[in-house]
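For the sequence shown, my numbering gives the first residue as 8, with consecutive numbering after it. Report on the structure given below.
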Amino acid sequence: MFYSYHQGHTTTGESIPEVLRKRQESAKWNLPYLQAILQDALWLNPKLLSQTLFEGIFRVPPGYELDCTPGKPPILKQQFQLIAKTPSPRLSLNEAKDQLFEQLLNAVTRAAPDRHTALELSGGLDSSTVSALTRKIHPKTSLHAFTHGTPNTIPPWMRDANFLHDESRWSELVSHHLQLTQHRIRSGFNLELIIEKYAECLGGCSEVLFPLLNHNVYDLAKRYEINTLLSGFGGDEVVSQHANNALIEFRNQKAYGRYAYERILKKYRELYSSKKISRPYRNNTQNRQQANSHWPYLILSNTPPIRILPTFKTVQSKEAAYIQGELSIHWQRRIETSKLIAKAHGIDCAFPLADPELMCFFHQLPAHFKRRHGHGRYLLRKAMAAYLPDSVVWRSDKAGATAPAAYAQLVEQLPEYFLCRTDPNYTGVLKPYINFTQLRKLFETQHCLDDNIIRLSVMVLMIMHYEKKLETGSF
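Now the structure itself:
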């Protein structure tokens with residue numbers, strides 16, 4: 008949802024173009040925000056979480072709601088508090104497992120009404136969990152599952168790349184186990200169509216790549232007359248371990264004894280290699296730095312300082328920072344963008360793992376339920392053990408990629424399209440911020456495999472296209 012407040016009147020809309028049309032005013036670029044997203048990308052300052060590319064137009068991020076009082080400026084309020092006023096009672100591992108399963112089931116039930124529902128299935132734990140619970144809710148319904156595969160023809164430059172290896176075998180295993188109708192997507196990515204269609208849909212650009220790479224899923228789902236598409240996205244950010252600094256949390260939870268006991272077992276039984284019991288926990292929460300490999304292609308008056316992300320003393324504080332956008336805006340922007348693009352296809356895209364009640368419950372659980380015996384997401388694995396194959400529930404490798412076929416085609420098509428659509432003598436809104444000469448030179452000489460540069464280039468192309476739409480007044 009987006010809104011604007013002008014002369015005592017609040018205008019709301021489901022998208023930026025809708026608000027622009029309702030306001031009937033000339034659109035003005037929000038230049039500080041434009042510079043910020045080009046420079047900082049997903050490491051955007053959390054103070055800019057509700058900003059958009061246009062002055063006076065704001066977004067209502069996931070997890071927030073708009074409080075409108077006639078005659079007064081609207082106020083953004085959080086929909087829920089992660090820390091409950093009354094702490095939940097201490098639970099045993101089995102009690103927590105049972106309650107987590109109920110919370111997961113309720114979240115999927117709320118997201119998957121009795122309509123024509125389909126699934127995004129990568130074969131990872133998160134999407135497999137959502138798929139299994141959907142099957143439990145709709146045991147006799149024909150369910151479609153959409154899976155990204157590797158390209159039909161693998162270009163030489165990506166044969167040895169880590170992101171090549173998809174999760175096909177895992178998704179096939181889950182699909183067979185749950186009796187899903189699986190669709191493997193390997194081709195059909197049209198960069199020109201995607202740039203133009205979604206620049207107009209979003210009112211500018213996408214700050215995240217995956218919803219664009221996911222175009223063929225939405226397109227195929229529309230052909231099958233799908234009403235609701237369920238995604239497992241959100242598990243990493245919301246319902247996962249974030250517990251590498253579990254030793255501190257163990258002490259806070261009076262659980263240091265279990266840690267010490269496991270450490271003694273490892274020392275005297277030489278169990279370091281067995282994976283049955285984890286290595287000693289360490290507080291290795293890092294001061295992660297923002298990505299800056301795309302900065303040479305920006306016009307910067309001076310090199311900005313790299314924003315160092317904070318260290319957290321507890322697992323809960325780190326989880327809260329992820330959910331509230333203090334570490335990265337990634338999950339907010341991906342959910343928002345996916346919903347907008349899916350809606351353009353007449354589809355409701357839902358994210359059960361980002362359900363507020365589920366997040367609040369999971370957030371209060373102690374860290375040693377979330378990481379145990381070398382397994383992250385331990386409680387989630389335990390809760391789903393009876394509903395998925397063991398090889399999926401307990402797998403520890405993560406060799407999969409995000410839409411490898413679509414990504415390969417994006418990399419293949421981007422140089423020619425970028426060179427065709429950009430001009431070194433460009434004089435539009437991006438001129439003060441983008442070094443078009445350097446960026447064009449890069450695409451003239453090689454395939455670019457840097458995600459930050461690819462994201463920057465796609466944003467540039469989308470903004471340039473929407474800029475032309477604004478000039479003609481056809482937004």
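Backbone N, C-alpha and C define an ideal beta-carbon position, used for all residues, glycine too. As the structure is a computational prediction, the values presented were derived from the model and not from experiment.
Proximity below 8 Å, CB of residue i to CB of residue j
i	j	result
L365	Q110	yes
H151	K229	no
R388	H382	yes
L395	S11	no
A412	T188	no
C356	L209	no
E207	Y473	yes
A298	F108	no
L132	G63	no
Q339	L56	yes
A328	P69	no
R193	N159	yes
Extent of the continuous beta strand (DSSP E) to which residue i belongs
i	result
F153	151 to 155
E203	That residue, E203, is in no beta strand (DSSP E); its alpha helix (DSSP H) goes 198 to 209.
D355	355 to 357
D397	Note, D397: premise wrong, no beta strand (DSSP E); alpha helix (DSSP H) at 397 to 400.
F9	9 to 13
F61	Segment: none, F61 is in no beta strand (DSSP E) and carries neither H nor E.
Simplified DSSP state of residue i, which is helix, strand or coil
i	result
Q453	coil
S238	coil
T148	coil
E21	coil
I192	strand
R483	There is simply no residue 483 to check, as the chain begins at 8 and stops at 482 in what is shown.
K84	strand
T76	coil
Q186	coil
T116	helix
I255	With a pLDDT of 49 at I255, under the threshold of 50, the modelled position of this residue cannot be trusted, and the question is left open.
I336	coil
E127	strand
H472	helix
I441	strand
L387	helix
Y433	coil
Residue nearest to residue i in terms of C-alpha spacing, selected from the options
i	options	result
M469	G211, C75, F358, E232	G211
E127	P363, Q445, T154	T154
E199	A103, L112, L421	L421
V465	A393, I82, I44	I44
A119	L100, W177, G195, S238	S238
P146	S175, D121, P162	D121
W50	L60, N459, G480, A393	N459
Extent of the continuous alpha helix (DSSP H) to which residue i belongs
i	result
L227	222 to 230
E423	411 to 428
H301	From DSSP, H301 is part of no alpha helix (DSSP H); its letter is neither H nor E.
K54	Segment: none, K54 is in no alpha helix (DSSP H) and carries neither H nor E.
Heavy atom of the ligand PLP within 7 Å of residue i beta-carbon
i	result
K389	Looking for the ligand PLP in the displayed structure turns up nothing, as the structure carries no ligands at all.
Specify whether the segment 10 to 24 and the segment 181 to 192 touch according to this definition: at least 3 beta carbon pairs, one from each stretch, less than 8 Å apart. They do not touch, by the three-pair rule.
Tell me whether the segment 441 to 461 and the segment 22 to 36 touch, counting them as touching only if at least three CB pairs, one residue from each stretch, are closer than 8 Å. Here the segment 441 to 461 makes no contact with the segment 22 to 36; the two share fewer than three CB pairs at distances below 8 Å.
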